[in-house]
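Chemist:
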Amino acid sequence: MGGCNSVSKAELQAQARSLELERLNEEAHLKETPSYLASQQDILLCRVRTSGIVTEKYEIDGSNFEMYDVGGQRNERKKWIHCFDDVTAVIFVAALSEFDQKLFEDTNTNRMVEAIDLFDEIANNRYFSGSSMLLFLNKKDLFADKVLKVNIGTVDAFKDYPYPPHDFDKGVRYFLKKFLSRSKSEEKVIYHHVTCATDTENVQVVFNACKDIILRDNLKQSGFMD
Numbered sequence: 476m477g478g479c480n481s482v483s484k485a486e487l488q489a490q491a492r493s494l495e496l497e498r499l500n501e502e503a504h505l506k507e508t509p510s511y512l513a514s515q516q517d518i519l520l521c522r523v524r525t526s527g528i529v530t531e532k533y534e535i536d537g538s539n540f541e542m543y544d545v546g547g548q549r550n551e552r553k554k555w556i557h558c559f560d561d562v563t564a565v566i567f568v569a570a571l572s573e574f575d576q577k578l579f580e581d582t583n584t585n586r587m588v589e590a591i592d593l594f595d596e597i598a599n600n601r602y603f604s605g606s607s608m609l610l611f612l613n614k615k616d617l618f619a620d621k622v623l624k625v626n627i628g629t630v631d632a633f634k635d636y637p638y639p640p641h642d643f644d645k646g647v648r649y650f651l652k653k654f655l656s657r658s659k660s661e662e663k664v665i666y667h668h669v670t671c672a673t674d675t676e677n678v679q680v681v682f683n684a685c686k687d688i689i690l691r692d693n694l695k696q697s698g699f700m701d
């Protein structure tokens, strides 16, 4: 007479973690070999902290773009905050997943609070009054995982969170409202997207939308469009 062995959810999760660790270990050994060629995903997952001002030039669909990547840390801002009084657009990137984390340079300050305060400074800065403003709420994949475990309303800085816990869409809506409420101009449109920088399809869709916005607003400023 055959028996039936039941496996608990915890055991299944432990087995899955073990298999994932084995896979990561195999990949790590593979990447140590001299002949290893990094994949596109490997490159996307690399992170290099921006210091100072990094300039990149692109030609996309016949249009020339010049992009300036700047460091967002406090000690970096003084290097660039007054340098861009004639840019066409500003792309402000904030990490959704960092709502319960502290700054690297100030362990008393919440990262999301700092990002919202900095957005206030940028969005209302006279140097960018004529620039299109694009807000990227990034790391949506990490945010989706985190909100399943962390209730936004339990974070000291966000005690006013009015929605049920562990809801991705409500969490995104809450933080988006926090950012948009800081714009002091009723005329200025803040274009916004929820992004995952390592998801190439998501980035392609967002980039195409942003490219159209930038080109359209540039034509308006030049007097070629109403």
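Under the working numbering, think of the first position of the sequence shown as 476, with each following residue one higher.
All C-beta atoms in this analysis are idealised placements derived from N, C-alpha and C, irrespective of residue type, glycine included.
Just so you know, these numbers come straight off a predicted model, no measurement behind them.
(1) From the DSSP secondary-structure annotation, give me the bridge partner or partners of GLU541.
(2) Does the beta-carbon distance from ALA598 to SER658 come in below 8 angstroms?
(3) Does the beta-carbon distance from LEU651 to LEU612 come in below 8 angstroms?
(4) Quick one: what does DSSP say VAL568 is sitting in, helix, strand or coil?
(5) For ASP608, list the residues DSSP reports as bridge partners.
(6) Counting only beta-carbon separations shorter than 8 angstroms, does MET542 have a partner in chain B?
(7) Mapping the DSSP letters down to three states, classify LYS577 as helix, strand or coil.
(8) Can you have a look at VAL529 and say buried or exposed, based on whether 16 or more other CB atoms are within 10 angstroms of its CB?
(9) Please classify ASN702: does DSSP put it in a helix, a strand, or coil?
(10) Going by beta-carbon coordinates alone, are SER538 and LEU690 separated by less than 8 angstroms?
(11) Suppose you measure from the CA of LYS686 to the CA of SER660; what does that come to, to the nearest Å?
(12) Would LEU645 and ILE591 be called neighbours here (beta carbons separated by less than 8 angstroms)?
(13) Count the other CB atoms within 10 Å of the CB of ASP635; is the residue buried (16 or more) or exposed (fewer)?
(14) In chain order, what residues of the same chain have a beta carbon less than 7 angstroms from the beta carbon of THR584, not counting five sequence neighbours either side?
(15) Looking at VAL562 and SER604, is the spacing between their C-beta atoms short of 8 angstroms?
(16) Using the three-state DSSP reduction, which class does ASN693 fall into: helix, strand or coil?
(17) Write down the C-beta distance between PHE567 and LEU617 rounded to the nearest angstrom, noting that I regard them as a contact closer than 8 angstroms.
(18) For GLY646, report the span of its alpha helix (DSSP H) as first-last.
(19) Does DSSP put ASN711 in a helix, in a strand, or in coil?
(20) In three-state terms, what does DSSP make of CYS479?
Modeler: According to the data block:
(1) Per DSSP, LYS532.
(2) yes
(3) yes
(4) Correct three-state label for VAL568: strand.
(5) Contrary to the premise, residue 608 reads as Met rather than Asp in this sequence. Note: MET608 sits in a beta bridge opposite VAL565, ILE665.
(6) Included in the structure is just one protein chain, with no chain B present.
(7) If DSSP states are grouped into helix, strand and coil, LYS577 belongs with the strands.
(8) exposed
(9) Nothing about residue 702 can be reported from this structure: the residues present for the chain run from 476 to 701 only.
(10) yes
(11) If I take the Cα positions, the gap works out to 23 angstroms.
(12) Residue identity differs from the one stated: residue 645 is Lys in this sequence, not Leu. The answer is no: Cβ separation not under 8 angstroms.
(13) By the neighbour-count definition (other C-beta atoms within 10 Å, threshold 16), ASP635 is an exposed residue.
(14) LYS577, LEU578
(15) no
(16) helix
(17) Between LEU617 and PHE567 the Cβ distance is about 18 angstroms, and since that is not below 8 angstroms, they are no contact.
(18) 643-655
(19) Outside the shown range of the chain (476 to 701) lies residue 711, about which nothing can therefore be said.
(20) Because the pLDDT at CYS479 is just 47, under 50, the model does not fix this residue reliably, and the value given afterwards should be weighed accordingly. DSSP places CYS479 in coil when its eight states are reduced to three.
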